[in-house]
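Numbering (my numbering), first residue to last: 24 to 314.
A quick write-up on the structure given underneath.
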Amino acid sequence: MTLVTQTTSTADLAKPKTSAVGAARCTASDLLRWAGLGDQVSDQTDRMPYATRRVRADTALVHEGNPFEYLYFVCAGSFKCVQVDAEGYEQVLGFALHADMIGLDGISRGRHASGAVALEDSTVAALPFADVMSASRRMPAIERLIQRAVGAELLRRSDTQYLMSAASSEVRVARFLLHFAKRQNALGYSDRRIRLRMTRRDIASHLGVAHETVSRALTALQQVGGIVVTYRDIEIVDAKLLQEIQRVTRGTWKGALRQGGMAGGLPGAIPGGLTSRYGGAGSDAASRLHA
């Protein structure tokens with residue numbers, strides 16, 4: 024796939040000029056391969072082109088409330104999906120990475136229910152929805168691509184509910200890091216070293232906490248040896264510890280650690296192995312968390 028070098032305005036992103044000379048192209052076969060559906064590629068999908076567009080960092084790809092005409096397949100880069108309330112507060116609903124589809128929430132009502140903003144210089148393929156639906160009736164591969172995109176979106180919504188179910192901010196952040204590492208690993212990247220393109224404020228909005236709380240939670244997880252934080256780079260040095268922390272479902276992580284795991288396996292308690300590894304409630308790790 025050859026990408027264009029010229030910049031594109033926000034207005035142009037809504038309706039790609041597919042006939043423009045020198046415009047970038049990819050095929051349905053490219054999308055299928057990127058989506059992990061390489062076995063669905065055929066001569067037909069090779070002959071089905073889609074226009075691609077570059078989206079600069081901090082630029083809106085779609086705006087909440089705008090008419091729905093296109094689905095956008097993320098070829099490279101990443102986006103945050105947002106809703107804005109009447110007071111102008113931005114709520115981050117989730118993050119779209121390579122091979123994710125943006126715009127699915129516009130199918131039901133014919134308007135985008137959320138917006139999408141590039142977290143870095145990114146590239147998307149614009150899929151006219153009417154054309155995609157027509158093609159899906161002739162080609163099972165296209166129908167499978169849309170089914171995969173819808174299923175992946177439902178899984179991400181479920182993951183978000185799981186993140187939000189934790190009472191402790193440290194647990195929410197631990198869950199977020201593990202889920203993000205899992206998504207990154209599925210794309211063929213390390214599940215130990217994470218580059219967070221989003222800001223702490225974006226993460227806080229997504230998790231439903233204050234952005235200062237995210238910073239404090241990352242510091243706490245680093246203090247007990249779970250992660251190493253270098254600005255937006257996160258290294259998971261003890262995945263087992265994070266997995267133990269993410270299982271806390273009642274009270275706070277600090278509270279569970281303070282109890283020294285004495286709940287003995289009661290739901291929501293820190294597993295005994297976590298406390299013993301860090302010396303119980305009187306350990307330096309525990310005291311640092313209380314600070």
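Cβ coordinates follow ideal geometry from the N, Cα and C atoms, glycine included.
- The segment 68 to 122 contains, as complete beta strand (DSSP E) runs of 3+ residues, the segments 72 to 78, 83 to 85, 93 to 99, 102 to 107 and 113 to 119 (chain order).
- If you look at E258, you'll find it in the beta strand (DSSP E) that goes D256 to I259.
- With respect to T68, A141 sits apart: the two C-beta atoms are not nearer than 8 Å.
- In the DSSP assignment, I226 falls within the unbroken alpha helix (DSSP H) covering R223 to L230.
- Pairwise C-beta distances place the segment 115 to 130 in contact with the segment 88 to 103, as three or more of them are shorter than 8 Å.
- If you compare the alpha carbons of A204, L127 and H135 with that of V155, the shortest gap goes to L127.
- DSSP places A149 in no alpha helix (DSSP H) but in the uninterrupted beta strand (DSSP E) bounded by S145 to P151.
- Considering only R56, A58, A136 and E235, the residue with the shortest C-alpha distance to G88 is A136.
- Around the CB of L200, 16 or more other CB atoms lie within 10 Å, so the residue is classed as buried.
- For V194, the uninterrupted alpha helix (DSSP H) segment begins and ends at S192 to A209.
- Of the candidates I268, L168 and P151, the residue whose Cα lies closest to the Cα of I250 is I268.
- A distance below 7 Å between beta-carbons, with the five flanking residues on each side excluded, links V105 to the following residues of its chain, in chain order: E113, Q114, V115, L116, S137, G138 and V140.
- A straight-line Cα-Cα distance of about 46 Å links E258 and R161.
- Counting C-beta pairs closer than 8 Å gives fewer than three between the segment 167 to 178 and the segment 231 to 249, which falls short of the contact rule.
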